[in-house]
Amino acid sequence: MTTIVVFDEYGGPEVLHLAEIPDPEPGAGEVRIRVRAAGVQPVDCATRRGDFAGYRPLPFPIRLGNEVAGTVDRVGDGVTGFAAGDEVIAFLSLAGYADAVVVPADQVARKPEKMPWAQAGVLTASGQTACTALDELRVGPADTLLIHAAAGGVGSYAVQLAVVRGARVIGTASERNHDYLRSLGATPVSYGPGLADRVRQAAPQGITCALDAIGGEALDVSLELLGVPDRIVTIADWARSAKLGIRRIGSERTVAKLDDLTRLWSEGRLRIEVAETFPLSRAADAHRLVESGHVRGKVALVAD
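Numbering-wise, full-length UniProt numbering puts 43 at position 43 of the sequence shown, and it's gapless, one number per residue.
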């Protein structure tokens, strides 16, 4: 049997509970992965709360989780690139909170041998979202990029990936995370009243683009600094961004992007920050931590 995390009604973290289902069997072109770590994202919390229920209803019970790392233990017909025993990272939808998952082989990449399981489990979702955002903004060496919530999951990756592209990065964060942002290559500025002036002081020549990962005031500040919304994107605030004409983006996930991320990690150019790990049985505690808004990097669910 496979243990999964599900919920039967929308609500707070307490609605999450464990359930047992028959072991999933891989079909043609699929692999089964025994999960060692799974990432917990803000979108998981939003799904659990019912934030998307009005336009994307899902049948109960609902599962969660879009990124995993683990060991292949069975392959389906036609799979030639993987075999039992391979250590892998994979992306999927609404199934990752489990101790076993079935994933199409074209959504699976090899895990670097020395990468810790918790880091591997939180790489693909936020890492690929950061890649997508930088591609949408066309970030390059001539840019000064403002990243709101730069110490969070997507922000931490975006800072480093922008630096790899040669851009200068200004990152907003609470003061306790300023040294962390400096270590990633960003110039930190604090949240709160006067943010636009602090950004101008940090970047006297101005910013050329902005990535928002928090919403609210950050969108207004970005628009004030840039004047037009053309090179502003958000992953956080649907309603406010629509009013301001700012693009909200998702994540374009591919194995090619994932391979690039693992290569950068292997080369020592990408740091993966794991704030805390929890067993599957404490998924509710993991959600409480993510929803606190004080997470540096990512939170992972790990095998007992």
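Glycine included, each C-beta is placed from N, C-alpha and C at the ideal position.
Along the chain, where does the beta strand (DSSP E) containing residue i start, and where does it finish?
i	result
residue 276	274-279
residue 87	87-91
residue 171	168-173
residue 74	67-75
residue 211	209-212
Assuming the contact rule is C-beta atoms closer than 8 angstroms, residue i and residue j should be a hit. Round their C-beta distance to whole Å, please.
i	j	result
residue 169	residue 145	5 angstroms
residue 219	residue 237	6 angstroms
residue 247	residue 233	5 angstroms
Here's the rule I'm using: 16 or more other beta-carbon atoms within 10 Å means buried, otherwise exposed. How should residue i be labelled?
i	result
residue 205	exposed
residue 241	buried
residue 30	buried
residue 38	buried
residue 44	buried
residue 212	buried
residue 25	exposed
residue 181	buried
residue 42	buried
residue 128	buried
residue 152	buried
residue 138	exposed
When you compare each of the options to residue i by their alpha carbons, which one comes out closest?
i	options	result
residue 164	264, 45 and 193	264
residue 269	161, 42 and 90	161
residue 40	96, 27 and 225	96
residue 194	172, 183, 181 and 112	172
residue 89	35, 213 and 198	35
residue 65	72, 94 and 188	94
residue 228	217, 245 and 214	245
residue 276	147, 287 and 225	287
residue 100	237, 176, 33 and 12	33
residue 188	58, 148, 157 and 128	148
residue 282	266, 300, 274 and 267	300
residue 78	138, 28 and 207	28
residue 59	186, 208 and 47	47
residue 106	290, 199, 271 and 256	256
residue 116	274, 296 and 76	274
residue 50	75, 71, 152 and 12	12
residue 271	118, 22 and 16	118
Could you tell me whether the Cβ of residue i comes closer than 9 angstroms to any Cβ of chain B?
i	result
residue 124	This model lacks chain B altogether, as it is built from one protein chain only.
Between which two residues does the alpha helix (DSSP H) harbouring residue i extend?
i	result
residue 42	42-49
residue 258	255-266
residue 124	124-137
residue 199	195-202
residue 154	153-164
In the DSSP output, which residue or residues are listed as bridge partners for residue i?
i	result
residue 30	104
residue 302	37 and 279
residue 190	173
Is residue i near the ligand PLP, with its Cβ less than 8 angstroms from a heavy atom?
i	result
residue 244	This structure does not include the ligand PLP; it has no bound ligands of any sort.
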